[in-house]
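K.L.:
Protein chains in written order, with the UniProt record's numbering: chain H, 1 to 337; chain F, 1 to 410.
Structure, rendered in structure tokens:
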């Protein structure tokens, strides 16, 4: 099976989708001739022509707003917001327009659009290149939110997102573009070519939205996470020497609650982990849902490990980033009760 | 050397307020027929003057004069008159229905009927309008059933959008009427995007964007113009300048720009300024812009100069911020009266026939209203169910919504 980085897998998903469907078009800042600042769209303009992959003015509201119009027309725009941090000028078009178009027109107009954006930190990007705004999307009725953690998942989920009849927010953990990252910033990075999850099937396949993946089976506790933190979680579990079940959500909305609650009801202990800020983060939603469905199986309070409630700092990146040490401490705490 | 001075904040304000005599002497209005009609293929930089004048066709005597007089046949003009009359009578009935408590809210078109009614007649089937809340004439002129409009206003069981939207936020793909958001200006970049999609597919259909004078201040307007300017898709960018954004006069949004149409010049777009109360001028300008769009010559900006003779909505009382008589003093007159005068001058219409038509249209509107009310109103009769509240959030209902719907008992 071919090995790919997450960037190559995302690019491959574009190629597969654009070859199969002439209505799939790609636009965004620097995505055309240059192929994107992270190279996720490299070669698409050459292969499919300027009318199907083109550069846009620096106007996120313009990109998302015209995308809504294209989707309503019947195209399938796959648009790139250069960093999730830049999304806010386009947020109104997502929240008030893309998300509600099917609802407010009773299905007469729809918005089958994918909005890709690199998310998360770990790259010394500070406050404007490191944010994880997923909770701002999961809070909106009418948006689906996807966060892959491996190249294979990125391709299959992106192809599923493009095929989806509704708007999908596709958050790409930029720290995982070139290799998995376990949070040990002082150790050499591992490329996807040396990691089993770097194997990506050729051609078309999809991974259904709304289905989580049990990355590691375990009996003592459950660690619910997604994106970059999947790899941090695995490292922390190995280091803690506890038999933890690790769940990669893959899709935050719709949520595969069944897989989560089956695991937590089995293990009786749960840690929720994300890179985004703690307060009103997606972890709060997870903790609330889990305690509601697993209350009588819980042996300990559900703990959340998340980014601190500060803007994402520059020099203090590794103090901010919820690395394996913090995850391990949380696991040890839930095991004590 | 210029003398230094501490800065002072300039806050534009209308010169006339309640208690004053209406005065529109500052509105410069050229005589009908005075403005040139360039070939639609003329480069934008050669027709910049069109953004600073007002294209007018009907003169005081009701004659159609000048290069923009398009020679619409009298059958079409009579239909246009009926469209405008229907819209006005429909508005009056719905305003009353709101006062009677049959719905929560309503927005009328009084004085602005010509713009949407005439514009629609310049479009073809398949073209798509991205309207605001004051372009229902687009629906009326395209033959959309009145009873469906009323069902929407009443949010009853016949409401095509299942009770989810405020009154007047209609949607009809078949009639080229994009779902109204209710957020201002958001539809502008969407229209540009729809037209870009048409251009990508080599499809000759076009999009028409609509916005009011006030919401041209939104960044959506400016973003849309950037994209329109860059990709040159087949889109007509309409600005309805009705002088008032709720209580705020147009000078607040316009700022230092000479006219709203002139905003287009910075984007290299051709811009027209048109008498919005002149059915023939609106139709002629719209036709000119559609010719440009269908010849792949790109977008056109049109500012329709008009006056919002009624309140912003049923929740508004304009007498609090402008003289009550201002509407009657508006120098561009009433669109229905002006077309009626023209048709009488042509010899194809008369006062008697007008009175008769009014009665016929009123009977038609009343009959539709009875039909709609037999289904229900906001507070009585058959209404959409709580089940409808959960449908169409997504194509397929996800588990969490099914769970919530069950909680409500559906």
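Every residue gets a Cβ at the ideal spot worked out from N, C-alpha and C, and that includes glycine.
Just so we're clear, the structure is a prediction, and the values are computed from it rather than from any experiment.
Does the structure place the stretch 147 to 156 of chain F close enough to the stretch 186 to 198 of chain F that three or more beta carbon pairs sit under 8 Å?
P.N.:
Too few Cβ pairs lie closer than 8 Å, so no.
K.L.:
Quick one: what does DSSP say residue 27 (chain H) is sitting in, helix, strand or coil?
P.N.:
Reduced to three states, the DSSP call for residue 27 (chain H) is strand.
K.L.:
For residue 300 (chain F), which beta-bridge partners are listed by DSSP?
P.N.:
Residue 300 (chain F) pairs with F:236.
K.L.:
To the nearest angstrom, how far is the alpha carbon of residue 176 (chain H) from that of residue 185 (chain H)?
P.N.:
Distance between the alpha carbons of residue 176 (chain H) and residue 185 (chain H): 13 Å.
K.L.:
In whole angstroms, what separates the C-alpha of residue 114 (chain H) from that of residue 328 (chain H)?
P.N.:
Answer to the nearest angstrom: the Cα atoms are 35 Å apart.
K.L.:
Can the beta-carbon of residue 449 (chain F) be found less than 8 Å from the beta-carbon of residue 337 (chain F)?
P.N.:
In the structure as shown, chain F begins at 1 and stops at 410. Residue 449 (chain F) is therefore absent and cannot be evaluated.
K.L.:
Under 7 Å Cβ-Cβ, which residues of chain F neighbour residue 31 (chain H)?
P.N.:
Near residue 31 (chain H) there are no residues of chain F at all, since even the closest Cβ is about 15 Å away, more than 7 Å.
K.L.:
Run through chain F and tell me which residues come within less than 7 Å of residue 25 (chain H), C-beta to C-beta.
P.N.:
Ordered by position in chain F, the residues that pass the 7 Å Cβ test against residue 25 (chain H) are 200.
K.L.:
How long is the line joining the alpha carbons of residue 170 (chain F) and residue 94 (chain F), rounded to whole angstroms?
P.N.:
Between residue 170 (chain F) and residue 94 (chain F), the C-alpha separation is close to 14 Å.
K.L.:
Using 8 Å as the threshold, is the C-beta distance between residue 342 (chain F) and residue 122 (chain F) below it?
P.N.:
The answer is no: Cβ separation not under 8 Å.
K.L.:
May I ask which residues mark the beginning and end of the alpha helix (DSSP H) holding residue 83 (chain F)?
P.N.:
Residues 74 to 99.
K.L.:
Does the structure place the stretch 24 to 35 of chain F close enough to the stretch 272 to 288 of chain H that three or more beta carbon pairs sit under 8 Å?
P.N.:
Because the criterion of three Cβ pairs below 8 Å is not met, the stretch 272 to 288 of chain H and the stretch 24 to 35 of chain F do not touch.
K.L.:
Go ahead and pull the three-state DSSP assignment for residue 87 (chain H).
P.N.:
Here residue 87 (chain H) sits in coil by DSSP.
K.L.:
For residue 379 (chain F), tell me which candidate among F:14, F:41, F:102, F:86 has the shortest Cα-Cα distance.
P.N.:
Closest option to residue 379 (chain F), Cα to Cα, is F:102.
K.L.:
How about the stretch 175 to 183 of chain F and the stretch 118 to 135 of chain F: do they share at least three Cβ pairs that are nearer than 8 Å?
P.N.:
Cβ pair count under 8 Å is three or more, so yes.
K.L.:
Can you find a C-beta in chain H that's less than 8 Å from the C-beta of residue 193 (chain F)?
P.N.:
Taking Cβ atoms only, chain H reaches closer than 8 Å to residue 193 (chain F), which makes this a yes.
K.L.:
Report, in whole angstroms, the separation of the C-beta atoms of residue 332 (chain H) and residue 179 (chain F), which I expect to be a contact under 8 Å.
P.N.:
That pair is no contact at about 53 Å.
K.L.:
Specify, as a first and last residue, the run of the beta strand (DSSP E) that residue 212 (chain F) falls within.
P.N.:
Note, residue 212 (chain F): beta strand (DSSP E), 207 to 212.
K.L.:
For residue 54 (chain H), count neighbouring Cβ atoms within 10 angstroms of its own Cβ and tell me buried if that reaches 16, exposed if not.
P.N.:
By the neighbour-count rule (16 or more Cβ atoms within 10 Å), residue 54 (chain H) is buried.
K.L.:
Compare the C-beta of residue 196 (chain F) with all C-beta atoms of chain H and state if any pair is closer than 8 Å.
P.N.:
Cβ-Cβ to chain H under 8 Å: yes for residue 196 (chain F).
K.L.:
Kindly indicate which three-state DSSP category residue 252 (chain H) falls into: helix, strand or coil?
P.N.:
It is a strand residue.
K.L.:
Just to confirm, are residue 244 (chain H) and residue 218 (chain H) a CB contact at a threshold of 8 Å?
P.N.:
A contact, by the Cβ cut-off of 8 Å.
K.L.:
Which two residues bound the contiguous beta strand (DSSP E) that contains residue 42 (chain F)?
P.N.:
No beta strand (DSSP E) contains residue 42 (chain F), which DSSP labels as neither H nor E.
K.L.:
Just tell me which of F:221, F:402, F:390 has its CA closest to the CA of residue 416 (chain F).
P.N.:
In the structure as shown, chain F starts at 1 and stops at 410, and residue 416 (chain F) therefore has no counterpart that could be examined.
K.L.:
Would you mind reading off the limits of the alpha helix (DSSP H) that contains residue 406 (chain F)?
P.N.:
Segment 399 to 408, the alpha helix (DSSP H) holding residue 406 (chain F).
K.L.:
Which chain F residues sit within Cβ distance under 9 Å of residue 92 (chain H)?
P.N.:
Result: 183, 186, 220.
K.L.:
Between the Cα of residue 16 (chain H) and those of H:34, H:29, H:100, H:41, spot the shortest distance and give me the residue it belongs to.
P.N.:
Measuring from the Cα of residue 16 (chain H), the nearest candidate turns out to be H:41.
K.L.:
Straight-line CA distance for residue 335 (chain H) to residue 196 (chain H)?
P.N.:
Those two C-alpha atoms are separated by around 30 Å.
K.L.:
Along the chain, where does the beta strand (DSSP E) containing residue 77 (chain H) start, and where does it finish?
P.N.:
Note, residue 77 (chain H): beta strand (DSSP E), 76 to 80.
K.L.:
Run through chain H and tell me which residues come within less than 8 Å of residue 125 (chain F), C-beta to C-beta.
P.N.:
The contacting residues do not exist; residue 125 (chain F) stays about 16 Å from chain H at best.
K.L.:
Taking the Cβ atom as the reference point for each residue, do residue 234 (chain H) and residue 215 (chain H) lie within a distance shorter than 8 Å?
P.N.:
Yes, the pair counts as a contact, with Cβ atoms nearer than the cut-off.
K.L.:
Cβ closer than 7 Å: which chain F residues qualify as neighbours of residue 281 (chain H)?
P.N.:
The contacting residues do not exist; residue 281 (chain H) stays about 18 Å from chain F at best.
K.L.:
Counting contacts by CB-CB distance shorter than 8 Å, is residue 271 (chain F) in contact with chain H?
P.N.:
Chain H, which has no Cβ nearer than 8 Å to the Cβ of residue 271 (chain F), makes this no.
K.L.:
Pull up the CB-CB distance for residue 112 (chain F) and residue 82 (chain F), whole angstroms please, since I reckon it's below 8 Å.
P.N.:
Residue 112 (chain F) to residue 82 (chain F), Cβ: 17 Å. No contact.
K.L.:
Applying the 10 Å Cβ sphere with the 16-neighbour rule, what's the burial state of residue 348 (chain H)?
P.N.:
It is not possible to answer for residue 348 (chain H), since the shown part of chain H is limited to 1 through 337.
K.L.:
Taking one C-beta from the stretch 12 to 28 of chain H and one from the stretch 75 to 84 of chain H each time, how about it: are there three or more such pairs within less than 8 Å?
P.N.:
The stretch 12 to 28 of chain H vs the stretch 75 to 84 of chain H: in contact.
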